[in-house]
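J.: Under our numbering, the first residue of the sequence shown carries the number 31, and numbering increases by one thereafter.
Quick reminder that beta carbons are idealized off the backbone N, C-alpha and C, glycines included.
For reference, the structure I am asking about is given below.
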Amino acid sequence: MKQNIIHFFLITTLNSSLLWFISNTSSSSSSAHALLLGNESDHLALLKFKDSISKDPFGVLDSWNTTNHFCKWQGITCNNSPKQQRVIELRLPGYYLHGSLSPQLSNLSFLRHIDLENNSFYGDIPQELGLLSHLQVLYLDNNSLTGEIPINLTSCSELTNFDFSWNNLIGNIPIGIGSLSKLKEFFIERNNLSGRIPPSIGNLTSLTSLVLISNDLEGNIPQQLCALQNLTYLLLDSNEFSSTLPSCLYNISSLSVLSVSNNNISGSLPANIFHNLPNLQFFQIGTNNFSGKIPLSVTNASLLQVLDLDRNHFVGQVPSLGKLTKLRFLSVSENNLGGFPTKDLKFLKPLANCSNLYVLGISVNNFGGQLPNYIGCRFDGNIPATFGQFQKMEVLELSGNKFSGEMPAFIGNLSKLFLLDLSDNMFEGSIPSSIGNCQNLQHLNFSKNNLSRTIPSEIFSISSLTILLDLSQNSFSGNLSDEVGKLQNLNFLKVSENNLVGNIPASIAECLSLEFLYLQGNSFSGAIPSSLVSLKGLRKLDISRNHLSGSIPEGLQNLSLEYLNISFNMLDGKVPTGGVFKNVSEFAMIGNNKLCGGVSELHLPPCPSEAKKPKRHHNFKLVVVIVCVCAFFFFLSLLLTICWMRKRSKKMSSDDSPTIDQLAKVSYQSLHNGTNGFSEENLIGSGSFGSVYKGTLELEESGVAVAIKVLKLQTKGAEKSFVAECNALKSVRHRNLVKILTCCSGTDYKGQEFKALVFEFMTNGSLESWLHPSTEIANQTAARSLNLEQRFNIINDVASAFHYLHYECDRAIIHRDLKPSNILLDDLMVAHVGDFGLARLLEKNIGDSSMQTTSTGLKGTFGYAPPEYGMGYQVSIEGDMYSFGILILEMLTGKRPTDEIFMDGHNLHKYVEVSISSNIFKIVDPCILSMGEQLQPGVENCLISLFKVGLACSMESPNERMTMVDLMRQLNRIKSCFPYTQLMEADQNIHKLV
């Protein structure tokens, strides 16, 4: 019995345990099933997102496959819950993804963070994103999105950060935006939004940043904004806002940036505004209708960096700003300030304490008198040290006032100026020769003054002039110097309405970047230089009201001229009928009574030569016979000459003959003397095809420092290298290419063949010596290193050079050997690409050259040459882009592509690619970080963007590499990351200065 009871108990216990196990197993299975469903919905939503991407140049979605769990896919972060792993973050910024936004993203129901900025997404923003109830961060800026802001997004009650800037969105800001009570940052810069700012935005009491720049918003700025007492950044520039600013805005003490430029806002500034805004750093109200006086409280705004009051109606005097030691940008241009001759410029003296000042604009006011010397920081005499320094000044805009007297010589002390505008004043006398010290000038305007005498040659030595040189409406006399041809990168030249005489210098054709040329209203004589036809980019040419004679160069019709004025000269002969000459609205020629021909709309008489055409027809047969006979003997003699040359030379084909006729030649003796017998002390480098010496040559009646490349003719390929370099450089001119000055082809003192090329000497040596200095150099120059901005400028310079070589030459030039040792730096740290010993000229229509094979030999340097060259593919533009990409990565990491760490299939490209998504500072050249760059705001984004450009250029497949057009666009975008550029772009009116 006892055994039966025990048996029953055991059975009962076992049955209960079994039932408990089955029940719990069933429950567990149900939970697992729910878990699988959650995981699967996230998985499918991500796959739908991937399907909506049409281009993925970096291959960031390659990891999105069945091999990896989706939580390990690139750009995906899941929560840490062991029971239910769900996607909480989608981060794929700056990968240039191209496609639409999938509505299936709304199925990622645990999603908190979406960052898809700096891509190429297009189409509407899905309304379904409003279903993401956990969403906190939504970054879709810098894409190509269209349509309206989805109203449903106002349901995302957890949203804290919202950025839709730089898209093409339309419509209104949703009225329900005020329901997003946790919102801290609201950015919709540079879209096409219209309507008014909804008053409900005043409910966003947590808001710290409100940025609505460059839209079409209108109406009053709502009073409700005053409730945003945590606001730090308020930027409403470039809209259509009107009426006055709510006075209570001036009491939001947390504001550090208040910017409402380019609107229609009126009213005056409260006297205590700067007392109530103690944290203000940027105050920009330019291009509005503000009036009254500048408040004296500005004198104590000690944190102020940018003060932009231009294009308003302010009156009175500019207060003393000497206490604003952080001030970097000051513009009060185009107001009604001044009118008190003895007091107008008193503010400039204390302003000299603002040693960080980059930009000073006081143009178009009523200021008068002579400019005080202390602007130029001349410490001779008894000028107090409290005047400070303006050595950082880069923009000085004083136009449209009543400044008089001679132009001050101290201008030459402001050596960092890139914009100088003293136009529309009453300056007289000559331009001081010290202007030649301003070797960073890009924009120089002295027009509309009473300046006289000759134009100083020092102006033409400012090779940095690229944007504008305007000396018009003065009284300059004498000739326009031949040295004007030195301004090879100048875009705009205007010397009209002066008293210039003599011929128009033919050297002006060396200004290959000219688009606008104005020479009218002088006394130029002689013929129109035929060399002008080489200005392929010329758009507007005015040479009217001179004393020019002779015929019109026929080649002008081949230019893309939009406007040509040759009126009131003494020209004769036939008017061409092509190009600008066939459009009478673009071509003016009145006042030249001896012109003939042209299109019928000009109503000119026929040219005498046209009436004689039938007479020539009678001799046509005789001419044909003579031409045929001459041609026969010519080709016969040519054939005999070719045969003789082939017997004489076994190695070189006719295609490899040196083409150096256009280069002036120098004797071996001159080179020998200029290098002290090619001494070791003058040796600055040596390569496989030659050695480079520093020397001095007598050029242009003075000793000039040069670099002399002596070919090692005994080395196989050296002769061919000499030929390639001559052919590549004989006709190219660009600011960022090393200029070939002359050459030598003869024999040395031993009677042996000698060949050498002579180049400009670059004071700061090669980029290689800066990135990887030898131990000796490193010890001698402990502080010699490049900061991030310098490296970016070098990258930009090299890009400019290669854009010219690839797309702007008559035949594309492929360099084939881009590396740091072939990039040279002048005294201003401007980069110049050199060593064209492996260069190849391509036909105009390049085609898909990367897919054509060739057996040509050496095509570059290991590590920099693209992989397809090693497989026998033909040289191509894409090959140079690969080398450029590797160069960028080397400049940022400080590691050569041949570094010993790159073994077993690893390379510099992969090294960066695997590190870019983690801590970027781990792979950055320590020399950059040692200069404090890591502390600068936005530097990390700059670095990431530059790294991505380098990666995009150095893709393994030629077809996947970034194009030069895209590269230039990306570099322009990255440029805005740097602190000074940010400062300049903060003021929307700076474009009127530049």
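Does DSSP put S1025 in a helix, in a strand, or in coil?
T.: Missing from the structure shown is residue 1025; the chain here goes from 31 to 1024 and no further.
J.: Are F522 and L495 touching if we call contact CB-CB under 7 Å?
T.: Result no, Cβ atoms of F522 and L495 do not sit closer than 7 Å.
J.: Note down the Cα distance separating I1004 from D827, rounded to an integer number of angstroms.
T.: Cα-Cα distance, rounded: 14 Å.
J.: From the DSSP output, which residues share a beta bridge with T355?
T.: According to DSSP, which records beta bridges pairwise, T355 is partnered with nothing at all.
J.: Spell out the partners DSSP gives Q314 in its beta bridges.
T.: Paired residue(s): S289 and D338.
J.: For L501 and N475, what's the separation of their Cα atoms in angstroms?
T.: Whole-angstrom Cα-Cα distance: 6 Å.
J.: Please determine, among K214, N198, F344 and L333, the residue with the shortest C-alpha to C-alpha distance to S187.
T.: Nearest of K214, N198, F344 and L333 to S187, Cα basis: K214.
J.: My parser needs the alpha helix (DSSP H) runs of 4 or more residues fully inside the stretch 361 to 400; what are they?
T.: Counting only runs of 4 or more, we get 378 to 381.
J.: What did DSSP end up calling V563 once you bin it into helix, strand or coil?
T.: Reduced to three states, the DSSP call for V563 is helix.
J.: Note down the Cα distance separating D154 from R142, rounded to an integer number of angstroms.
T.: The straight-line gap from Cα to Cα measures roughly 21 Å.
J.: Given a cut-off of 7 Å, decide if N509 and G532 are closer than it, judged by their beta-carbon atoms.
T.: Going by C-beta atoms, G532 is nearer than 7 Å to N509.
J.: Starting from the Cα of C637, find the closest Cα among N1002, K604 and S630 and give me that residue.
T.: Looking at the Cα atoms, K604 is the closest of the given residues.
J.: Run through DSSP, which three-state label would F892 get?
T.: F892: coil per DSSP, three-state reduction.
J.: If we count the other Cβ atoms within 10 Å of its Cβ and call it buried at 16 or more, is C774 buried or exposed?
T.: Counting Cβ neighbours within 10 Å, C774 comes out buried, since at least 16 surround it.
J.: Count Cβ pairs between the stretch 358 to 368 and the stretch 329 to 345 that sit closer than 8 Å; are there 3 or more?
T.: A contact exists between the stretch 358 to 368 and the stretch 329 to 345.
J.: Identify whether Y593 lies in helix, strand or coil by the three-state DSSP scheme.
T.: Y593: strand per DSSP, three-state reduction.
J.: Looking only at DSSP bridge pairs, what is A786 linked to?
T.: Per DSSP, V740 and C774.
J.: Entirely within the stretch 815 to 868 and at least 3 residues each: give me those beta strand (DSSP E) ranges in chain order.
T.: Listed in chain order, they are 853 to 855 and 861 to 863.
J.: Measuring CB to CB, does E930 end up less than 7 Å from L981?
T.: Against a cut-off of 7 Å, the Cβ pair of L981 and E930 comes out as no contact.
J.: Please report the distance separating the alpha-carbon of V954 from that of V969.
T.: So the two alpha carbons sit approximately 11 Å from each other.
J.: Should the stretch 147 to 163 be regarded as contacting the stretch 96 to 106, the criterion being three or more beta carbon pairs within less than 8 Å?
T.: Short answer: they don't touch.
J.: State yes or no: is the C-beta of I825 within less than 7 Å of the C-beta of I918?
T.: Contact flag set, yes.
J.: For F892, does the count of other Cβ atoms within 10 angstroms reach 16, so buried, or fall short, so exposed?
T.: With fewer than 16 other Cβ atoms within 10 Å, it is exposed.
J.: Using 8 Å for Cβ pairs, my map puts V768 next to F789. What's the rounded Cβ distance?
T.: With 8 Å as the limit, V768 and F789 qualify as a contact, their Cβ atoms being about 5 Å apart.
J.: Nearest-angstrom Cα distance between L450 and S815?
T.: Cα to Cα, L450 sits roughly 30 Å from S815.
J.: Considering N794, what are the terminal residues of the alpha helix (DSSP H) in which it resides?
T.: Here N794 belongs to no alpha helix (DSSP H), and DSSP marks it neither H nor E.
J.: So R483 is in the beta strand (DSSP E); what residue range does that whole segment cover?
T.: It spans N480 to R483 - the beta strand (DSSP E) in which R483 sits, taken as one unbroken run.
J.: Spatial neighbours of V762 within its chain, please: CB distance less than 8 Å, with the 5 preceding and 5 following residues excluded, ordered by chain position.
T.: Excluding residues within five positions, the ones whose Cβ falls inside 8 Å are Y834, L835, C839 and I843.
J.: Could you check which residue in L452, L727, S284 and H473 has the C-alpha nearest to that of L481?
T.: When only C-alpha atoms are compared, the closest one is L452.
J.: Distance, Cα to Cα, N817 vs R575?
T.: C-alpha separation (whole angstroms): 51 Å.
J.: Count the other CB atoms, across all protein chains shown, that sit within 10 Å of the CB of L334; report buried if there are 16 or more and exposed otherwise.
T.: With 16 or more other Cβ atoms within 10 Å, it is buried.
J.: Check C626 in the structure and name its three-state DSSP category.
T.: In the structure shown, C626 sits in a strand (DSSP, three-state: E or B).
J.: Identify every residue that forms a DSSP beta bridge with L426.
T.: L426 is bridged to L390 and L450.
J.: Classify H128 as helix, strand or coil using the three-state DSSP reduction.
T.: Of the three classes helix, strand and coil, the one that applies to H128 here is strand, per DSSP.
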